[in-house]
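Worksheet: the structure to be examined is printed underneath.
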Amino acid sequence: MIDVLYEDNHVLCVRKPVNIPVNSDDSHDEDLLSMCRQYIKEKYHKPGNVYLGLVHRLDRPVGGVMVFAKTSKAASRLSESVRTHTLKKEYLAILDGIPEQKEDTLIDYLVKDHRTNMVRTTDAAHGKKSILHYQTDSVHGGHTLVRIQLETGRSHQIRVQFASRNTPLVHDQRYNRRATKGQIALYAYRLTFPHPITRENITVTCLPETKAPWNEFRIYE
Numbered sequence: 043m044i045d046v047l048y049e050d051n052h053v054l055c056v057r058k059p060v061n062i063p064v065n066s067d068d069s070h071d072e073d074l075l076s077m078c079r080q081y082i083k084e085k086y087h088k089p090g091n092v093y094l095g096l097v098h099r100l101d102r103p104v105g106g107v108m109v110f111a112k113t114s115k116a117a118s119r120l121s122e123s124v125r126t127h128t129l130k131k132e133y134l135a136i137l138d139g140i141p142e143q144k145e146d147t148l149i150d151y152l153v154k155d156h157r158t159n160m161v162r163t164t165d166a167a168h169g170k171k172s173i174l175h176y177q178t179d180s181v182h183g184g185h186t187l188v189r190i191q192l193e194t195g196r197s198h199q200i201r202v203q204f205a206s207r208n209t210p211l212v213h214d215q216r217y218n219r220r221a222t223k224g225q226i227a228l229y230a231y232r233l234t235f236p237h238p239i240t241r242e243n244i245t246v247t248c249l250p251e252t253k254a255p256w257n258e259f260r261i262y263e
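Under the numbering used here, think of the first position of the sequence shown as 43, with each following residue one higher.
Next comes the structure, spelled out in structure tokens:
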């Protein structure tokens, strides 16, 4: 069942469930893009293949807001918004530790090993510049809830940038050596983008489910 957050003739914004791939991969698990196409096909009784453009991604373990384009024109303009950083992605994350600064801008150069699907920091000559801004929301029991604005959208960027400063994400099995079993504490809670036709700014928000570790913090009030 698709959780639709915003929809018109040009765009479809939905909540991506955790552990669902955005599009088809080697796992052959059901993917969000196919689910959304099926939703449109059934709702509007469309015959044949349904067009739905993928303009950005979320890592498989991460849930939250995503926008899809319902027309090729919308896809082109939303893709341009991604390139020009006028599509704004905001995340909630729970850090395993307390950062030195309550708010800061993190700048690193990241490189991905496609053989292992791991990302690491490197120098400017070998990596892609990666920038994020964060603000501390609250601290509880050695964990820190932060709100993050991505300026660049590199693979595993948030996870690696915080892990490299010894404040990895809670339950991040890949980059947190202290991780305990559980769902990674990273959620794409807000997306703002210029509408591809009207150019009016659209903001769509959703929060993670009210369960651990999110319910340790007052994000639902």
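Beta carbons are placed, not taken as given, at the ideal position from N, Cα and C, and that holds for glycine.
Between the options, which lies nearest to residue i when the distance is taken from Cα to Cα?
i	options	result
T128	R220, Y86, T194 and K253	T194
P250	L100, G105 and Q143	G105
E145	H156, S180 and D73	S180
Y86	C55, L134, K112 and I239	K112
L228	V161, N61 and R125	N61
S118	T245, P238, W256 and T252	P238
I82	R57, N51, R99 and V64	N51
K26	K223, S66 and V97	This structure does not reach residue 26, given that the chain is present from 43 up to 263, and the question cannot be answered.
T163	I261, R79, L75 and F204	F204
S69	R102, C55, Q143 and I261	R102
T147	I261, G184 and S172	S172
Y217	V188, T158 and A230	T158
Y151	P89, S206 and R57	S206
For residue i and residue j, I'd like the C-alpha separation in whole angstroms.
i	j	result
I265	L94	Nothing in the structure corresponds to residue 265, since the chain is present only between 43 and 263.
T186	R219	17 Å
P236	L120	8 Å
I190	Q177	7 Å
H156	K170	15 Å
V109	L54	6 Å
M77	E49	15 Å
G184	W256	14 Å
H198	G224	18 Å
A230	I261	14 Å
What's the call for residue i, buried or exposed, on a 16-neighbour Cβ count within 10 Å?
i	result
A254	exposed
S123	buried
A166	exposed
V46	exposed
D71	exposed
P63	buried
Q143	exposed
R241	exposed
R125	exposed
I think residue i touches residue j, with their Cβ atoms under 8 Å apart; what is that distance to the nearest whole Å?
i	j	result
L211	I136	7 Å
V153	H175	That belief does not hold up - the Cβ atoms of V153 and H175 are roughly 22 Å apart, past 8 Å.
T234	T252	Not quite, the Cβ-Cβ distance comes to about 24 Å (not below 8 Å), so this is no contact.
So, for residue i: in the same chain, excluding its five sequence neighbours on each side, which residues have a beta-carbon less than 8 Å away from its beta-carbon?
i	result
H182	E258 and F259
L75	V64, N65, S66, L94, L96 and F110
Sorted by chain position, which residues of the same chain lie with C-beta nearer than 6 Å to residue i's C-beta, five sequence neighbours on each side aside?
i	result
D214	R201, A221 and I226
R232	E132 and T247
P141	T209
D73	P63, N65 and S66
Is there a C-beta anywhere in chain C that falls below 8 Å from the one on residue i?
i	result
Q215	Included in the structure is just one protein chain, with no chain C present.
Take residue i and list the residues in its own chain whose beta-carbon comes closer than 7 Å to its own, dropping the five residues that flank it on each side.
i	result
N208	G139
P59	G105
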